[in-house]
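Remember, this note's numbering sits 26 above the position in the first sequence when you count from 1.
Heads up: the structure comes next, in structure tokens.
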Amino acid sequence: MTSSTDNVRVRFAPSPTGDLHVGGVRTALFTYLFARQNEGTFILRIEDTDQARYDESSITSITESLRWIGLDWDEGPDVGGPAGPYFQSQRLDLYRKYVDKLLAEDYAYECYCSPERLAQLREEQRKAGRPPGYDRHCRNLTDEQRQEYRDQGIKPVVRLKVPLDGTTSGMDLLRGPISFENGKLEDAVLLKSDGYPTYHLAVVVDDKEMGITHVTRGEEWIPSMPLHLILWDAFGWDRPVFVHMPVILKPDGKGKLSKRDGAASMLALRDEGYLHEAVLNYLAMVGWAYDDHTEIFSKEDLIEKFSLERVSPSPARFNYEKLEWMNQHYINHIIPVEDLASRVVPLLVEQGLVDEVPPGSDTEKLVTEAVGLIKDKMKFLTEGPDLISYFLTEPPDYDTSLLVPRKTEPAEALRGLEAARDVISEIGVDDEEEVEKRLRALAEEVGLKVGQLFMPIRVAVTGRTASPGLFETLRVVNKERSIARMNRAIEKLKSEVSVAAD
RNA sequence: GCCCCCAUGGUCUAGCGGCCGAGGACGCCACCCUUUCAAGGUGGAGAUCGCGGGUUCGAAUCCCGCUGGGGGUACCA
27 MTSSTDNVRV RFAPSPTGDL HVGGVRTALF TYLFARQNEG TFILRIEDTD
77 QARYDESSIT SITESLRWIG LDWDEGPDVG GPAGPYFQSQ RLDLYRKYVD
127 KLLAEDYAYE CYCSPERLAQ LREEQRKAGR PPGYDRHCRN LTDEQRQEYR
177 DQGIKPVVRL KVPLDGTTSG MDLLRGPISF ENGKLEDAVL LKSDGYPTYH
227 LAVVVDDKEM GITHVTRGEE WIPSMPLHLI LWDAFGWDRP VFVHMPVILK
277 PDGKGKLSKR DGAASMLALR DEGYLHEAVL NYLAMVGWAY DDHTEIFSKE
327 DLIEKFSLER VSPSPARFNY EKLEWMNQHY INHIIPVEDL ASRVVPLLVE
377 QGLVDEVPPG SDTEKLVTEA VGLIKDKMKF LTEGPDLISY FLTEPPDYDT
427 SLLVPRKTEP AEALRGLEAA RDVISEIGVD DEEEVEKRLR ALAEEVGLKV
477 GQLFMPIRVA VTGRTASPGL FETLRVVNKE RSIARMNRAI EKLKSEVSVA
527 AD
């Protein structure tokens, strides 16, 4: 058994019952990488067979999530394809056809048991400490009995006639042989009374119809693998390769990540300011590694180096700290600053810090420069606007005490600031080296440590105590605005000093 | 309860019989750099490779049992 095959056709098949979360996306990603690397076909199929849980908005949420992170599909919703339709709800006739075949060949049977009876059965089994399961009540109904139920207007479900003994075994690419005792299996429902198939029937039929070569999915599906195997065999079809991906656990390891863990939703990550490149890279690293030291991979790198066989079979916890680090790393070291700035721009407009940023404009240049200066402090895209705000607009009022460093008198801060303003008025801010030289000399002249002189200037110009290097900050803010802001600070300090003198 | 899967530092992992007195990353600590905050650099703490049996000249690596964790047990996927 090998995973590098010709004509690879794989699919990601989510059900539209909510937002896509990182676990699902990771499975999609591995499937996608495998397809691209083998020049195969990646299909998106929507498994909308549950009328009750169906949520239309999640279809866009799913496609948006996949597109955001860069997983494009060759066949599926929006793009079509030769094996469509790609919504299971539009393939009902097909499932009916195959179910009839199963019925005719005695691989399945109609069951008229009511949901109430089944619930009661389970309850009794639970009380008696017996394993829950269908009691095969309808497995051997006579034609007369069936007709009787039908006459009562009861719509049957169709169940799989699982062999009573023996074992069903199959191979999992990551785990090797897995076998199950038939005696422990249930006569699972294949077709519901509303005419919709269950997952078990639909996957098998569609995977066959769509020519899927490798069935990739989460490991929560391992327990139903024997049912699917029995179906593949019953239809007389060659079994595909099965690959069950490890689940992703909650950060505390207690249970698998679910849609309840809000932040784990793809779209939530996007809205929180994560870069799709970082999320993609991080997700690829949970459950897979290329070697003992490489961990930064672009999508292209992954397509080249990914290997399905190297996916670890053991579950892994979702680690927000590592993702955050990855995001920060991408912001600070991987994404070109122009690109980064262009992603911050929409947020600036949204928050009203700028009206518009036409390509090639001075504003664009300013934003790009500002982003370049603060990117080492930016962990999330969403922090961008605040971090560069003072390059674009006047800083809001701040506490005067910020202008006075520790072990420094307000009067000293004031004296330093006035002198610094005069220096800048004289030489401007464009020559960073010169400004630094003059201000360092100035510190000595006025008898202040560099920190005692620089901090008041920093606060005056940015309105805060943390900023990029002073001289580059002054340069980008520009001479005129720097001086105005320093004057404003000088006025604040003056009133402080006079109050103190009273 | 029953079935199935998994098992290397707190977390993600490298390791596929000798190169391992276990390597990398995140996190944590210290130091360096330094005009602030970061970023960066250097170093450090942290794993009897879950436990117990085997197999072998030799096991983190193979086998069995146990324990622990996870998954499944619906006319949900």
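Where a beta carbon is used, it is the ideal one built from N, C-alpha and C, also for glycine.
On a CA-only basis, which of the options is nearest residue i? Give me that one, please.
i	options	result
S451	Y316, G299, A78, R507	R507
V312	L128, S338, L97, L295	S338
C137	D161, D98, K123	D161
T193	V371, G299, S205, N358	S205
E347	T57, Y300, A439, P372	Y300
I72	V241, G110, F332	G110
Q354	A445, D402, D327	D402
D488	L468, R441, L413	One detail in the question is off: residue 488 reads as Thr in this sequence, not Asp. Nearest C-alpha to T488: L413.
H359	Q178, D45, V397	V397
T86	R52, V269, P42	P42
A445	G107, L428, G473, P103	G473
E131	K153, A510, K187, K218	K187
R51	H302, D318, L120	Checking the sequence shown, residue 51 turns out to be Val, not Arg. When each option's Cα is compared against that of V51, the closest is H302.
If you draw a straight line from the C-alpha of residue i to the C-alpha of residue j, how long is it?
i	j	result
V393	E498	14 Å
N33	A61	9 Å
R35	E382	45 Å
A228	S115	10 Å
L253	H163	19 Å
E458	V363	21 Å
K181	W94	43 Å
L531	A214	A query on residue 531 cannot be resolved here, the shown segment of the chain reaching from 27 to 528 and no further.
G96	R122	36 Å
V461	A367	27 Å
L519	T408	33 Å
Q478	N345	41 Å
K18	I256	With the chain covering 27 to 528 only, the question about residue 18 has no answer from this structure.
P277	L283	8 Å
T239	E207	26 Å
V230	I400	53 Å
P189	T168	19 Å
V525	Y424	18 Å
G262	I329	34 Å
M404	R369	13 Å
R501	P436	26 Å
If you reduce the DSSP assignment to three classes, tell me which class residue i lands in.
i	result
M271	strand
T168	coil
H319	coil
P431	coil
L366	helix
T89	helix
F480	helix
S333	coil
I180	coil
P223	strand
G244	strand
A134	strand
V36	strand
T239	coil
T488	helix
M27	Unreliable placement is indicated for M27, whose pLDDT of 40 sits below 50; the coordinate value is still reported in the next sentence. In this structure, M27 counts as coil in the three-state DSSP scheme.
K282	strand
T75	coil
R251	In the sequence on display, residue 251 carries Met and not Arg. Three-state DSSP puts M251 in a helix.
Tell me the DSSP bridge mates of residue i?
i	result
P203	M197
G102	G106
A342	I274
S291	H47
L217	V184, P223
L70	F38
F113	I72
Does the beta-carbon of residue i have 16 or more other beta-carbons within 10 angstroms, so that it is buried, or is it exposed?
i	result
G495	exposed
P249	exposed
W314	buried
D232	buried
E150	exposed
D388	exposed
P203	exposed
T28	Note on T28: pLDDT 42, under 50, position unreliable in the model; the coordinate value appears next. When all chains shown are included, T28 counts as exposed.
D45	buried
E245	buried
S30	In this prediction, S30 scores a pLDDT of 49, lower than 50, which makes its location untrustworthy; the coordinate-derived value is nonetheless stated afterwards. So S30 ends up on the exposed side.
N64	buried
K127	exposed
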